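Engineer: Got a structure for you, questions after.
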């Protein structure tokens, strides 16, 4: 059952709760049997329309606990930007390989696009996100911050004007100072930049050469080349279960911080999912030095008084400074920094940032390239 269908079930259940009890009792029984009958009939005509009718019937007739059980694996905490569901088994058939490369694939590539049936093709829309100061948006140097809090733009600017305290020591040699990890390690990307995607795909993989671990490896390599000690933890905190990922990654973070007191910076590397519809996904892209790169979004948490994050202004200063440096070096590489009432384990360290590198529409190569650019900017910033 797809996410759209579950959204319909959940919304209809809310409507049902407002109905008059006596009328509801009659309607839900009638809807269930009518939906079942019509669903079975329409399945013979169109799998999609038949399943929709059946879902509508379920929305009225199913007990509340059943709907909530269906809802639980999909509707995660609102704070989770990446709302992909875990990789479930499907009836998808193996792809047949085509023998000709599309025009936008280099001739020397050894890979071939999987042939996706026309009825399973969705559109990948390439977009470069940007914003100007005003309204929700606050400028900081070359960077833009999207302010989703109740703090005024004037207050945010005054806080950002204070110097940030995070820095890397040049006196500790090869001791680790940066921790890279992945709360959602199994997140993945499109295999090719071809303008369409397979609607039956999941953009998830447990292969570390194809998921966020590969992106973390690219970031790690750049930092190490700059002489910065790095720990890259490849634990897949979202496998086998997506739910509880942040609780599990918190244990990992605490363990590393306890064992390595020299660690100042913790980076939770993700990829975003921007999906206007079942038939369209967004590919946030910038062209840097003539090469496509996945746009980067940095997230800084804000405490509403319930999150135990006394250092959230320091967290924002770090996020804004990093975005400013990225834009200075690679104009257009960032999306606005998201400043919102979110936690994402940021209570564990003021130097902890969640970084979204691209989205489902980007390719892994574009994300790895962006990770390299991120590493360059981070090394330069922390050396100042």
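Numbering (our numbering), first residue to last: -1 to 382.
Beta carbons: idealized from backbone N, C-alpha and C, even for Gly.
The model shown is predicted, which means the values in this text are computed figures rather than measured ones.
#1: Classify residue 250 as helix, strand or coil using the three-state DSSP reduction.
#2: Count the other CB atoms within 10 Å of the CB of residue 267; is the residue buried (16 or more) or exposed (fewer)?
#3: Is the beta carbon of residue 291 less than 9 Å from the beta carbon of residue 328?
#4: Please classify residue 300: is it buried, with 16 or more other beta-carbons within 10 angstroms of its beta-carbon, or exposed?
#5: Pick out whichever of 119, 117, 126 and 162 has its Cα sitting closest to the Cα of residue 280.
#6: Rounded to whole angstroms, what is the Cα-Cα separation between residue 71 and residue 242?
#7: Mind the definition here: the region 361 to 373 touches the region 302 to 313 only if three or more C-beta pairs lie below 8 Å; say whether that holds.
#8: In three-state DSSP terms, what is residue 42?
#9: Please report the distance separating the alpha-carbon of residue 221 from that of residue 163.
#10: Whole angstroms is fine: what's the gap from residue 113's alpha carbon to residue 189's?
#11: Over what stretch of residues does the beta strand (DSSP E) that includes residue 270 continue unbroken?
#12: Measuring only the C-alpha atoms, how far is residue 358 from residue 140?
#13: Relative to the C-alpha of residue 295, which residue among 303, 284 and 289 is closest?
#14: Out of 354, 347, 322 and 269, state which residue places its alpha-carbon closest to the alpha-carbon of residue 297.
#15: State whether the region 193 to 200 contacts the region 118 to 133, with contact taken as three or more CB pairs (one from each stretch) at a distance under 8 Å.
#16: Assuming contact is defined by CB atoms lying nearer than 9 Å, are residue 343 and residue 247 in contact in what I supplied?
Structural biologist: This is what the structure gives:
#1: helix
#2: By the neighbour-count criterion, in which a residue is buried when 16 or more other Cβ atoms sit within 10 angstroms of its Cβ, residue 267 is buried.
#3: yes
#4: buried
#5: Among 119, 117, 126 and 162, the Cα nearest to that of residue 280 belongs to 126.
#6: Confidence at residue 71 is low in this model, with a pLDDT of 34, below 50, so the placement of that residue should be treated as unreliable; the coordinate-derived value is given next. The alpha-carbon atoms of residue 71 and residue 242 are separated by roughly 11 Å.
#7: no
#8: Because residue 42 sits at a pLDDT of 42, beneath the cut-off of 50, its placement in the model cannot be relied upon, and the following sentence gives the value as read from the coordinates. It is helical.
#9: Distance between the alpha carbons of residue 221 and residue 163 is about 20 Å.
#10: 12 Å
#11: 263 to 270
#12: 26 Å
#13: 284
#14: 354
#15: yes
#16: yes
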